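S.K.: Numbering (my numbering), first residue to last: 294 to 740.
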Ligand code: LLP
């Protein structure tokens, strides 16, 4: 038995860090066997660090949980959460499929060598170029989001004289998921999908049955993101199964494939209690079976598109602490060398995070400060109220955990700040999967 280290991750941080996180003998945060303070020194800050073994473990957990249900399930990794060649190669190696929502995400998947037949393309406003790239590459699924798209897709398949493309129809199930309104998508007032209550979804199925260029396989919905309450999934299953049964009977369309999108929440703070993947898989399978039996739908299959719950907890951001300002009687500001260029989530969704110092994770958090970035914008705040040691000083390495999803993915160049580098760490070795953006990269686009 291993002796309990006298140094350990404070209990409130255990669930927001990848499981390999520990405090090493030097008193530093270690992830994947790598000392994060040494990583910051070698590769610079800000930087995203992902635990590669945990990424793989999450892919496997999803694949196994869904494969083992009574209603068999396919798992598409939602690459919008974090798209890179390294990540997509990893997802492919672990046997997942992938969901892409733009030409860019599709291009990265194809260049990573991802098998085209395991790629699914979404989008509420797909361009002809996007559809044509998808048809030409032979992607496995296209998720139809509008009537206009049906006609354009038909023309493109005709022009290419390609085989019929396998499609799903994205529906708006009329479910109000409990989450921030910017990441709620299942309600009737949504730019995504075709409504069930207004009859457009059924009309689209009827219309699609007249095309020999489109092979309609099933239905798709996505109710929202960062969900802890599974009631919305249950409601969505009922709506989707009923619609599939009705459409199958009315138009002879065998709608067996039911895709419920992504949405499983993760812990950003000690107060978040995420639902296990296996619980979601079982709930979906059981509800589909029960409802299909009542509705008379034959042998359904399911699919899901998790993004955040695969990559979120695997990644952390490391920053260097810079200027510290005490405003007597007002606030204390601690500024780091990144901000809303590498994490838009606080500004957009008032998200909360834990934070601590990588060079002394066990230091007492005896004061509160506003954690700010380096951008010329008052709203450039990573944490309104960060608990930090009162003697925090410039040069220390500050960590924000659980930034693996929608962190790098939403990074930008505000104030001409280059995007950070991304590392995958495993068994004491770090590899750069995205290099840091330099001034040369930025000016290379300018005439
Ligand atoms: N499938 C569809 C059709 C989606 O629209 C999304 C997310 C997913 C799957 C993956 O959802 P996940 O499992 O990651 O919740 N930027 C926001 C999240 C936007 C989610 C957009 N769609 C954030 O940082 O919270």
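All C-beta atoms, glycine included, are put in the ideal place defined by N, C-alpha and C. Predicted model, so just to flag it, every value in this text is computed and none were measured.
Select from 702, 436, 649 and 706 the residue whose C-alpha is nearest the C-alpha of residue 669.
M.R.: 706
S.K.: Extract the residue ranges of the beta strand (DSSP E) inside the segment 588–650, only unbroken runs of 3 or more that lie entirely within it.
M.R.: 594–597, 608–620 and 624–629
S.K.: Would you tell me roughly how many angstroms separate the C-alpha atoms of residue 727 and residue 622, rounded to the nearest one?
M.R.: 43 Å
S.K.: Going by C-alpha distance, which of 553, 660, 652 and 564 is nearest residue 624?
M.R.: 660
S.K.: Looking only at its own chain, which residues have a Cβ that is under 6 Å from the Cβ of residue 314, when we skip the five neighbours before and after it?
M.R.: 302 and 324
S.K.: Give a single yes or no on whether residue 392 has its beta carbon closer than 8 Å to a heavy atom of ligand 1.
M.R.: yes
S.K.: Cβ-heavy atom distance between residue 601 and ligand 1 below 8 Å?
M.R.: yes
S.K.: Measuring only between beta-carbons, confirm whether residue 468 sits less than 9 Å from chain B.
M.R.: Protein chains in the displayed structure number just one, and chain B is not present.
S.K.: Report all residues from its chain with a CB closer than 7 Å to the CB of residue 673; omit the five preceding and five following residues, and keep chain order.
M.R.: Cβ within range, chain order: 632, 633, 665 and 666.
S.K.: Leaving out the 5 sequence neighbours to the left and right, which residues in its chain are closer than 8 Å to residue 735 when beta-carbon positions are compared?
M.R.: Closer than 8 Å at the Cβ level, and outside the excluded window around residue 735, lie 706, 709 and 711.
S.K.: Got a sec: does ligand 1 put a non-hydrogen atom nearer than 8 Å to the Cβ of residue 515?
M.R.: Within the cutoff, so yes.
S.K.: With DSSP as the reference, label residue 701 as helix, strand or coil.
M.R.: helix
S.K.: Since residue 285 is in the alpha helix (DSSP H), which residue starts that stretch and which ends it?
M.R.: The chain is shown from 294 up to 740; residue 285 falls before or after that span and cannot be answered.
S.K.: Thinking C-beta only, is residue 367 closer than 9 Å to residue 653?
M.R.: no
S.K.: Less than 8 Å between the CB of residue 642 and some heavy atom of ligand 1, yes or no?
M.R.: yes
S.K.: When the distance is taken between beta carbons, is residue 409 closer than 9 Å to residue 379?
M.R.: Taking 9 Å as the Cβ cut-off, residue 379 and residue 409 do not qualify as a contacting pair.
S.K.: Just to confirm the assignment, what range does the alpha helix (DSSP H) spanning residue 511 have?
M.R.: Taken as a continuous stretch (DSSP letters only), residue 511 belongs to no alpha helix (DSSP H), being part of the beta strand (DSSP E) at 507–513.
S.K.: Taking the alpha-carbon of residue 638 as reference, which of 371, 332, 689 and 697 has the nearest alpha-carbon?
M.R.: 697
S.K.: Is it true that the CB of residue 429 sits closer than 9 Å to the CB of residue 453?
M.R.: yes
S.K.: Does the segment 522–541 come close enough to the segment 435–450 to have 3 or more Cβ pairs within less than 8 Å?
M.R.: no
S.K.: For the segment 362–433, list the alpha helix (DSSP H) runs that are entirely contained and at least 4 residues long, ordered along the chain.
M.R.: Here the runs fully enclosed are 378–386, 396–404 and 421–430.
S.K.: Between residue 317 and residue 419, what straight-line distance do the alpha-carbon atoms span, to the nearest angstrom?
M.R.: Straight-line Cα distance between these residues: approximately 49 Å.
S.K.: Are the beta-carbon atoms of residue 464 and residue 513 separated by less than 9 Å?
M.R.: yes
S.K.: May I ask you to verify whether the segment 335–342 touches the segment 609–622, counting CB pairs closer than 8 Å and requiring at least 3?
M.R.: yes
S.K.: Taking DSSP as the reference, what is the three-state secondary structure of residue 677?
M.R.: strand
S.K.: Assuming contact is defined by CB atoms lying nearer than 9 Å, are residue 346 and residue 600 in contact in what I supplied?
M.R.: no
S.K.: Would you mind reading off the limits of the beta strand (DSSP E) that contains residue 464?
M.R.: 458–465
S.K.: From this set, 658, 721 and 671, which residue's C-alpha is nearest residue 691's C-alpha?
M.R.: 658
S.K.: For residue 447, which residues from the same chain have a beta carbon less than 6 Å from its beta carbon, with the 5 sequence-adjacent residues on both sides left out?
M.R.: 504 and 506
S.K.: Helix, strand or coil: which one does DSSP assign to residue 548?
M.R.: It is coil, neither helix nor strand.
S.K.: Could you pull the start and end residues of the alpha helix (DSSP H) that residue 343 belongs to?
M.R.: No alpha helix (DSSP H) holds residue 343; the beta strand (DSSP E) holding it covers 340–344.
S.K.: Buried or exposed: residue 392, going by 16 or more other Cβ atoms within 10 Å of its Cβ?
M.R.: With 16 or more other CB atoms across the displayed protein chains lying within 10 angstroms of its CB, residue 392 is buried.
S.K.: Would you mind sorting residue 361 into buried or exposed? The rule is 16 or more other CB atoms within 10 Å of its CB.
M.R.: exposed
S.K.: How is residue 583 classed by DSSP in three states: helix, strand or coil?
M.R.: Here residue 583 sits in helix by DSSP.
S.K.: Which residue from 520, 519, 717 and 537 puts its Cα closest to that of residue 489?
M.R.: 537
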